[in-house]
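Protein chains: 2
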Amino acid sequence: MAATSAPHASAHANGNGTHAGMAAQVGAPTNPMATALLTDQYQFSMAYAYWKAGKHADRAVFDLYFRKNPFGGEFTVFAGLEECIKFIANYKFTEHDISFLQSVMPMCEGEFFDYLREVDCSDVEVYSIPEGSVVFPKVPLMRVEGPVAVVQLLETPFVNLINYASLVTTNAARHRHVAGKSKVLLEFGLRRAQGPDGAISASKYCFMGGFDATSNVLAGNLFGIPLRGTHSHAFVSSYMSLDEIPDKALRSKDGSRVCQDFVSLVQEWLQKIQVADSLGGVFGDTNQSELAAFVSYALAFPSNFLALVDTYDVMRSGIPNFCAVALALHDLGYKASGIRLDSGDLAYLSVEARKVFRAVEEEFNVPGFGKMVITASNDLNEETIDALNKQGHEVDAFGIGTYLVTCYSQAALGCVFKLVEINSKPRIKLSEDVAKVSIPCKKRCFRLYGKEGYPLVDIMIRESEPSPKAGERILCRHPFIESKRAYVVPQHVEELLQCYWPGRSDKPRAELPSLDKIRSRCMQQLEKLRPDHIRRLNPTPYKVSVSAKLYDFIHCLWLNEAPVGELQ
Amino acid sequence: MAATSAPHASAHANGNGTHAGMAAQVGAPTNPMATALLTDQYQFSMAYAYWKAGKHADRAVFDLYFRKNPFGGEFTVFAGLEECIKFIANYKFTEHDISFLQSVMPMCEGEFFDYLREVDCSDVEVYSIPEGSVVFPKVPLMRVEGPVAVVQLLETPFVNLINYASLVTTNAARHRHVAGKSKVLLEFGLRRAQGPDGAISASKYCFMGGFDATSNVLAGNLFGIPLRGTHSHAFVSSYMSLDEIPDKALRSKDGSRVCQDFVSLVQEWLQKIQVADSLGGVFGDTNQSELAAFVSYALAFPSNFLALVDTYDVMRSGIPNFCAVALALHDLGYKASGIRLDSGDLAYLSVEARKVFRAVEEEFNVPGFGKMVITASNDLNEETIDALNKQGHEVDAFGIGTYLVTCYSQAALGCVFKLVEINSKPRIKLSEDVAKVSIPCKKRCFRLYGKEGYPLVDIMIRESEPSPKAGERILCRHPFIESKRAYVVPQHVEELLQCYWPGRSDKPRAELPSLDKIRSRCMQQLEKLRPDHIRRLNPTPYKVSVSAKLYDFIHCLWLNEAPVGELQ
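These protein sequence lines are chains C and S, in that order. If you're matching positions, the first sequence starts at 460 in my numbering and goes up one per residue. If you're matching positions, the second sequence starts at 460 in my numbering and goes up one per residue.
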């Protein structure tokens, strides 16, 4: 099998390989609604028809793959594997489930439900590309083997758990790519996501794809993702005046003294700012309810003061109010965190805000004030960040919601789950659309790397074929187009599909890594990719191929199954 | 309050109006992940700042509304209310939640967490438009009143629970509108939805918006939605030949006799079809694995035989194979259900299939065979159904997935939650974009109906104003544009916001109706709407207005809050 194991696939002991043992080891799906009933009705109809024909235990092999990269790009990040493994580890019908199925399928014989009562995934094997890997169309992300009736039942939940996970991870990775490594990326999508776990999943997978933190507290709790968040416009407008602040005292950071009237200190600073020539005298009266809100927030969080400055008017009110509070905090040894802009021309406003911060640093001799963090957060997406980059801006952190978590520019990834073999007989699904013809046979898949360390091509081979080897020439053929083929001498060969659920086989089980490790894998894989595959405009397609043997077999089977005249 | 109660708002006894009593009455949220931690981090930051300032119990009023109808349309269907009420009925922090919050907010005083331990929604009041109502931009869908810190914590989950629910219900209603009342609409979105409860919510709300059934078994179980589903391409290609059918016997429907070799009966019919002149002799050899799959499925479901006919070739293989099995079933007293087309030119194939069914009815004298149900299901959406309608087709039922459940053409509805009053003082949120200025004040909202029974205009008034009355002239003003105003003499007046969660008040609580009732409400409301508001192309915007008094107040407050020079 050559020296081709994936980096973190560890062959740990599989001693307690019983179904229950494995369930305890991997835990339950994040969403308690991911149960055995979360599937399409037709999977049960088919299960019954298979069972009636005595065919339910036929050994089937299915491939899970997608046909086209999303977002007009040429790469996808694979995600959702851990949830799939958790799903099958806990796969079991309860008596409640069975009663319900009996009620909706009254025409089925009673023994069928006895069969369902016994169904679990102990006889299923799952091979998968490691989560967080960069993947490409047509190459199986997962290969699922087992009794045909059971694996069919898994089709819908697996596709559900992979589709959105991979889509939103890819979207996050694209946002990271356009924002650049130095920016802080915050996922703010909970309120606009498609339901509660549209949000929970989004938070998990955006972090995996390269975000730094989320606003979603439950996701922070479930996955250990760092949390971020300060205050909203409503907080600002809930204040009417500075009279609403009952306790005006603030102890200095080092605890050595207490400022009895922090409000007055802020007001003094506001006056100094308003008369300072270097600040251009642009400031008139600022909004007093906003000032009260900022002071109140600073008294609660003197070490983490970050203010939303656009409730009334960024440059006329928000920025001078913020500076006054930040300077007063500075007098007491605290360092303000920065501002958030949530409307208007973010390029212009961030540049203007930066000018003020630098002028304040200069005017009042406050080292570091010019570097105040500027967060922007108004309906941002790949395009707007790209446009900001082109205009020039001073934003340090982006808070991204709607477009990120709903994958607004393409809200679905078309993952499919196709039968490729049954009882060791290869199967094909034809279509008038060649792109929709499935690639038959139980396959092994490899990534071939070139001299410069970049991946060159993915190749699928029949299980019986020898693995490609580093330094040995191999012919890589386009699966459907005869003229497209190339010889490759790989410098390095990586086998893509690892065994994550060995079923009754004695194969070693690859570890499910932590979210942090998956995130690192994703970052590393994207860095390893040739830049032209990943660029936003006119990216180069990555090549996906089959071996010469598999190519011949596909076309033989195709001719065999298609009605005469179909291929003329 | 005039004769203006909403149709199904019943004033049932509120005797057990305690928080726990109400929780028991309404049940838990559908998704167990919808807990008190499902909110944005900044809501907790604000709660702490309010608490530090002694302001947390200040009585706040927030409006939940959206600014623009989705999908280029001029109407939206409001959904998600029941889940919001279930959410607040069960609102409570567990000790686990508290520990987690302490760990992520170590800078907060311990007493704050004692306060959080006591928080529930017994002091919150929720007023809402009934679920399933047709709604319009700017008019509050919900008004939430209560302690400012608590209502802020509810902002994120409420917006999450309403946004996608309303979006996908509206999408379903639009699909129903373009398909027409006579077609059967099936939601097939589970595998492509955004996570498990993207799917569960989609199934619930598509049914609400006018769909007839779903493929999602768990949704059928949770909500009682009818289930549909037969078999997939994999089922067809899992068969190799007719030899795989072990038990070939089939008892007739009336139980009077047994056909010992159903396979031979099917083969006889296939030969008759192939030589029949009236069928045009188009049929050569059909695919035998497909035929085996159909026979096997028919033996399992003789009374519900519905076949997917496009695995190999619809007209050369799928249709003749289907007809042979259907005719053999007919010999035994069964009636086949129909076919499903999942690829190719659905208009052409449905018309050709219909021709064959009619010819079979004629040739073999099988009354009703020509009316065989044709279901279509390949990447359908509003546009493709519209295009099919224009081309002419013979499809009876549409199975719709990806575009429906992900709301592909617009994946988010921009619901917002804005503070409109605190401690009885009206508040406004300004913005350089006039469309984003909030409408201040605690308001009541009414729908005014004209002579022909159509709704004419929605109007918001200050709480202190008298309600509009049928037969009395009232001036309706555009909230922001001075010149847009009109006198209306309504024939009928409907108050929109009903009390669904009275908190500590003694207001009668409106009932949460069943899903079926909400679905009927939605259908009725759409039928009551003037057709030009609902048409697909260039629909007429529905008018939304404020009273003269509220108009004056908004503009007075606006001038007051905006920095000088802002409005020049």
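Each residue gets a CB set at the ideal place from its N, CA and C atoms; glycine is no exception.
Should residue i be flagged as near chain S, meaning a C-beta pair shorter than 8 Å?
| i | result |
| --- | --- |
| Y501 (chain C) | yes |
| V607 (chain C) | yes |
| D579 (chain C) | no |
| L686 (chain C) | yes |
| T629 (chain C) | no |
| E1020 (chain C) | yes |
| A512 (chain C) | yes |
| N622 (chain C) | yes |
| R886 (chain C) | yes |
| N475 (chain C) | With a pLDDT of 43 at N475 (chain C), under the threshold of 50, the modelled position of that residue is not reliable, and the figure given next carries that caveat. Not an interface residue. |
| L496 (chain C) | yes |
| T615 (chain C) | yes |
| A759 (chain C) | yes |
| L974 (chain C) | no |
| H467 (chain C) | Here the model assigns H467 (chain C) a pLDDT of 38, short of 50, so the residue's position is not dependable, and the following value carries that caveat. Not closer than 8 Å to any Cβ of chain S, the Cβ of H467 (chain C) fails to qualify, so no. |
Do we get a CB-CB distance below 8 Å when we pair residue i with the residues of chain C?
| i | result |
| --- | --- |
| I844 (chain S) | no |
| S464 (chain S) | Residue placement at S464 (chain S) is poorly supported in this model, since its pLDDT is 37, which falls under 50; the coordinates still yield a value, given next. It does not: the Cβ of S464 (chain S) has no partner Cβ on chain C nearer than 8 Å. |
| S505 (chain S) | The sequence given here has Met at residue 505 (chain S), not Ser. Yes, M505 (chain S) counts as interfacial toward chain C. |
| I1013 (chain S) | no |
| V676 (chain S) | yes |
| S715 (chain S) | no |
| P491 (chain S) | yes |
| N997 (chain S) | no |
| E891 (chain S) | yes |
Terminal residues of the continuous alpha helix (DSSP H) containing residue i?
| i | result |
| --- | --- |
| R817 (chain C) | 805-823 |
| C782 (chain S) | 778-790 |
| C1015 (chain S) | 1007-1020 |
| I940 (chain S) | It is not in any alpha helix (DSSP H) - I940 (chain S) carries neither H nor E in the DSSP assignment. |
| I844 (chain S) | 841-850 |
| H951 (chain C) | Careful: H951 (chain C) lies outside any alpha helix (DSSP H), inside the beta strand (DSSP E) at 951-954. |
| D975 (chain S) | 974-987 |
Pull up the CB-CB distance for residue i and residue j, whole angstroms please, since I reckon it's below 8 Å.
| i | j | result |
| --- | --- | --- |
| L496 (chain S) | P655 (chain C) | Going by Cβ atoms, the distance from L496 (chain S) to P655 (chain C) rounds to 11 Å, so no, they are not a contact pair. |
| V485 (chain S) | K545 (chain S) | 5 Å |
| S748 (chain C) | Y698 (chain C) | 5 Å |
| L974 (chain S) | K663 (chain S) | 7 Å |
| C874 (chain C) | Y524 (chain C) | 7 Å |
| L626 (chain C) | C866 (chain C) | 5 Å |
| Y1010 (chain C) | P938 (chain C) | 7 Å |
| A751 (chain C) | L701 (chain C) | 5 Å |
| P761 (chain S) | Y807 (chain S) | So it is not a contact: roughly 30 Å between Cβ atoms. |
Over the uninterrupted beta strand (DSSP E) stretch that includes residue i, give me the two end residues.
| i | result |
| --- | --- |
| Q957 (chain S) | 957-960 |
| K910 (chain S) | Where K910 (chain S) is concerned, there is no enclosing beta strand (DSSP E), given that its DSSP letter is neither H nor E. |
| T834 (chain S) | 832-835 |
| S587 (chain S) | 584-587 |
| A945 (chain S) | 944-947 |
| A766 (chain S) | 765-767 |
- Listed from N- to C-terminal order along the chain, which residues in the segment 582-605 of chain S have their beta-carbon within a distance smaller than 7 Å of any beta-carbon of chain D? Reference to chain D is not applicable here, since the protein chains of this structure are C and S.
- Query: Listed from N- to C-terminal order along the chain, which residues in the segment 852-881 of chain C have their beta-carbon within a distance smaller than 7 Å of any beta-carbon of chain S?
  - Reply: T861, T865, C866, Y867, A870, A871, K877, L878, I881
- Output, in sequence order along the chain, the residues in the segment 911-939 of chain C whose CB is closer than 7 Å to any CB in chain S. none
- Message: Short of 9 Å Cβ to Cβ, which residues in the segment 689-704 of chain S face chain C?
- Response: T689, H690, S691, H692, A693, F694, V695, S696, S697, Y698, M699, E703, I704
- Message: Tell me which residues of the segment 640-670 of chain C have at least one Cβ-Cβ distance to chain S shorter than 7 Å, keeping chain order.
- Response: L649, R650, R651, A652, Q653, G654, P655, D656, G657, A658, I659, S660
- Message: Beta carbons nearer than 7 Å to chain S: which residues of the segment 554-574 of chain C have them?
- Response: F559, V563, M566
- Identify each residue in the segment 794-819 of chain S for which the Cβ-Cβ distance to at least one residue of chain C is less than 8 Å, and report them in chain order. S802, G803
- Message: Quick check: the segment 719-729 of chain S against the segment 772-789 of chain S, are at least 3 beta-carbon pairs closer than 8 Å?
- Response: yes
- Got a sec: which bits of the segment 517-550 of chain S sit with their beta carbon under 8 Å from any beta carbon on chain C, in order along the chain? D517, A519, F521
- Query: Using 8 Å as the Cβ pair cut-off and three pairs as the minimum, do the segment 834-852 of chain C and the segment 592-604 of chain C touch?
  - Reply: no
- Item | Cβ contact (3+ pairs, closer than 8 Å) linking the segment 622-636 of chain S and the segment 605-614 of chain S | no
- Item | the segment 961-972 of chain S in contact with the segment 578-594 of chain S per 3-pair CB rule at 8 Å | yes
- Message: If contact is defined by three or more beta carbon pairs under 8 Å, each pair taking one atom from either stretch, is the segment 936-954 of chain S in contact with the segment 1003-1020 of chain S?
- Response: yes
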